[in-house]
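Asker:
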Amino acid sequence: MESEKYSTENGNVIQSVSNQLNRTKKFSKKSIVIGITGLCFVSAVGGGMATIAFAPSYYHNLKTPTSMVATTTMSRSSIPSAIKLGTDQTGNYPTEQIAQQVGPAVVGIANYQSPQNSFGDSNPQEVDSGSGFIIDAHKGYIVTNNHVIDGAQKIMVNLSDGRNVQAKLIGADPHTDLAVLQISADKLTQVNLGDSTKIQVGEPVVAIGNPGGIQFARSETAGIISATNRQLDITGEDSFNLIQTDAAINPGNSGGPLVDYSGNVIGINSAKFAQSGFEGMGFAIPISDALPTIEQLIKTGAAQHPALMVSINDQYDNYAQYNNLPQGAYISSVSPGGPAAKAGLQTGDIITKINNQEVQNSADLVHDLYQYQVGDAVTVTYIRNGQTNQVQVTLGEISSNQ
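Numbering of the sequence shown is given in UniProt numbering, commencing with residue 1 and proceeding in unit increments.
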């Protein structure tokens, strides 16, 4: 283990961070498990807004771990696009053509569950609805959000031609709020997957989904990319690396595609910032970040995520800025027997690097971890009592079932 004195005028202050965070009222004690970051946010689902747990970014400019990705038809390079679009004089596709060509690949999803009553009625009834999109027309794979189908006893998919088909749940991951369904049907249309690592702020986009349910199926709204790598701060916890757009994303749009003007899916509509005084703020999971999890779900029905097995106090970021302290991910607890505990990391340590990658907050930590595989050894740089130290940690695992 290497150690060096952290040279700052606030070195003494760092030693009391734990006490300050514990006793100050302005900072929440909510925490998240790293490798997988928690996010409580208001999601667009069904006919109302539901609070769900969301996780990691995953990972802008992600280097996909080969062992985590199935050799399937899901990669952008191997999926033959069923969508043939013509460009206008600018090289882009007009919104009406996007609607005509991408719209048929967008589906409505209904979540059926047995009613909880004493009247003896055990027939599943629709309790929630959302959106999804077909990524493989031949095999019938559909991507949606986990919260759209969470708890479902029966899942029905409404196709663009009016057919209603029962779907099979292939796999779901609550940590990333992603799920994959499969249907058996012919004459399906699939989307073309884009590269969300190349999107630019100001780029025009289209959101397609079922706001308010099947009644408004395949509604299209247009806007621009307002921001990338957006970190939400709702109910005191952080997310990271989401796409922000002003394209309207309404209840029921969850799971639908965010499409660029080349007709490619660049995001999965996931949430609307539903807070008084804020309009035109929708969010989507970057498709490049979602693909590794999607492919794992298709291959095994579950997803594995590399983890240090520590909890992070998200409020340290603001605390550090206010008190001119070093930026990093503040460990609020360490899982006994986990990778971090075995390596000697402790509560109160501030992680500043994973290998040579800077960590300024929990979002960065998850981003960095997602470039590695479960079982990889990484060098963790951290600050303890004003001193900078390094330690080797073998990454553990958090799965969809945990």
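Cβ atoms here follow ideal geometry from the backbone N, Cα and C, with glycine treated the same way.
Residue 102 by DSSP, collapsed to three states: which one?
Answerer: Helix at residue 102.
Asker: Are the region 127-144 and the region 254-262 in contact at 8 angstroms, needing three or more beta carbon pairs?
Answerer: As far as the Cβ criterion goes, the region 127-144 touches the region 254-262, which means the pair count is three or higher.
Asker: Check the C-beta distance from residue 282 over to residue 207 and give it rounded, since I have them as a contact under 8 angstroms.
Answerer: That belief holds up - the Cβ atoms of residue 282 and residue 207 are roughly 7 angstroms apart, short of 8 angstroms.
Asker: Please return the same chain residues whose Cβ sits closer than 6 angstroms to the Cβ of residue 183, not counting the five positions on each side in sequence.
Answerer: Closer than 6 angstroms at the Cβ level, and outside the excluded window around residue 183, lie 140, 157, 165 and 167.
Asker: Less than 8 angstroms between the CB atoms is what I'm expecting for residue 350 and residue 382, so what's the real figure, rounded?
Answerer: About 6 angstroms separates the two Cβ atoms, so the contact holds.
Asker: Where does residue 367 sit, in a helix, a strand or coil, going by DSSP?
Answerer: The answer is helix: DSSP assigns residue 367 an H, G or I state.
Asker: Which residues in the same chain as residue 7 place their Cβ atom closer than 7 angstroms to its Cβ, once the five residues preceding and following it in sequence are excluded?
Answerer: Note that residue 7 scores a pLDDT of 38, beneath 50, so its modelled location is shaky; the value from the coordinates is reported in the next line. None.
Asker: Please look up how many angstroms separate the CB atoms of residue 307 and residue 169, rounded, as I've assumed it's under 8 angstroms.
Answerer: No, residue 307 and residue 169 are not in contact; Cβ-Cβ is about 24 angstroms, not under 8 angstroms.
Asker: Under 8 angstroms: do the region 310-319 and the region 334-348 share three or more Cβ pairs, one atom per stretch?
Answerer: Short answer: they touch.
Asker: Throw me the rounded Cβ distance for the residue 252 and residue 211 pair, which I believe falls under 8 angstroms.
Answerer: Residue 252 to residue 211, Cβ: 5 angstroms. Contact.
Asker: How big is the Cα-Cα spacing for residue 175 and residue 315?
Answerer: When rounded, the distance between both Cα atoms is 20 angstroms.
Asker: Please say whether residue 267 and residue 196 have beta carbons closer to each other than 8 angstroms?
Answerer: A contact, by the Cβ cut-off of 8 angstroms.
Asker: Which residues bound the alpha helix (DSSP H) around residue 147?
Answerer: Its alpha helix (DSSP H) spans residues 146-149.
Asker: Residues bridged to residue 142 by DSSP?
Answerer: According to DSSP, residue 142 bridges with 134 and 181.
Asker: Beta-carbon separation of residue 380 and residue 345 under 8 angstroms?
Answerer: Yes, Cβ-Cβ distance for residue 380 and residue 345 is below 8 angstroms.
Asker: Just to confirm my understanding: we take residue 242, look at its own chain, exclude 5 residues before and 5 after, and list those with CB closer than 6 angstroms. What are they?
Answerer: Around residue 242: 230 and 283.
Asker: Using the Cα positions of residue 105 and residue 330, report the straight-line distance between them to the nearest angstrom.
Answerer: If I take the Cα positions, the gap works out to 43 angstroms.
Asker: Using the beta-carbon count (16 or more within 10 Å), is residue 367 buried or exposed?
Answerer: Result: buried.
Asker: Do residue 223 and residue 246 have their C-beta atoms within less than 8 angstroms of each other?
Answerer: Yes, they are a contact pair.
Asker: In whole angstroms, give me the CA-to-CA distance for residue 204 and residue 116.
Answerer: Spanning the two alpha carbons is a distance of roughly 45 angstroms.
Asker: Which complete alpha helix (DSSP H) runs does the UniProt domain "PDZ" (294-361) hold, if anything under 4 residues is left out?
Answerer: Taking only runs of at least 4 residues, the alpha helix (DSSP H) segments lying wholly in the UniProt domain "PDZ" (294-361) are 316-322 and 339-343.
Asker: Considering only C-alpha positions, which residue in the set 217, 192 and 363 is nearest to residue 328?
Answerer: Of the candidates 217, 192 and 363, the one whose C-alpha sits nearest the C-alpha of residue 328 is 363.
Asker: Thinking just about the alpha-carbon of each residue, which of 261, 265 and 270 is nearest to the one in residue 244?
Answerer: Closest option to residue 244, Cα to Cα, is 270.
Asker: Please work out which residues of its chain come closer than 7 angstroms, Cβ to Cβ, to residue 372, disregarding the five sequence neighbours upstream and downstream, and give them in chain order.
Answerer: These residues qualify, in order along the chain: 65, 306, 378 and 395.
Asker: Between residue 288 and the rest of its own chain, which residues show a CB-CB distance below 7 angstroms, the 5 nearest in sequence each way excluded?
Answerer: Within the same chain, residue 288 has close Cβ partners 62, 195, 196 and 197.
Asker: Label residue 123 either buried or exposed according to how many other C-beta atoms from any shown protein chain fall within 10 Å of its C-beta, with 16 as the threshold for buried.
Answerer: With fewer than 16 Cβ atoms within 10 Å of its Cβ, residue 123 is classed as exposed.
Asker: Please classify residue 96: is it buried, with 16 or more other beta-carbons within 10 angstroms of its beta-carbon, or exposed?
Answerer: Label assigned to residue 96: exposed.
Asker: Is residue 154 helix, strand or coil by DSSP?
Answerer: Note: residue 154 maps to strand in three-state DSSP.
Asker: Return the CA-CA distance between residue 227 and residue 199, expressed in angstroms with no decimal places.
Answerer: Approximately 10 angstroms between the Cα atoms of the pair.
Asker: Please list, in chain order, all residues of the same chain as residue 399 whose beta carbon is under 8 angstroms from its beta carbon, the five residues on each side excluded.
Answerer: For residue 399, where only same-chain residues beyond five positions count, the Cβ hits under 8 angstroms are 302, 303, 304 and 305.
Asker: When the Cα of residue 216 is compared with those of 160, 179, 261 and 360, which residue comes out closest?
Answerer: Among 160, 179, 261 and 360, the Cα nearest to that of residue 216 is on 160.
Asker: Taking Cβ positions, are residue 190 and residue 249 nearer each other than 8 angstroms?
Answerer: In this structure, residue 249 does not lie closer than 8 angstroms to residue 190 by Cβ.
Asker: Could you spell out where the beta strand (DSSP E) holding residue 384 opens and where it closes?
Answerer: First-last of the beta strand (DSSP E) with residue 384: 377-384.
Asker: With distances taken Cα to Cα, identify the nearest neighbour of residue 171 among 296, 356 and 187.
Answerer: That would be 296, whose Cα lies nearest to the Cα of residue 171.
Asker: Relative to the C-alpha of residue 101, which residue among 192, 389, 401 and 108 is closest?
Answerer: Closest by alpha carbon: 192.
Asker: Hey, would you say residue 298 sits closer than 8 angstroms to residue 178, going by beta carbons?
Answerer: No.
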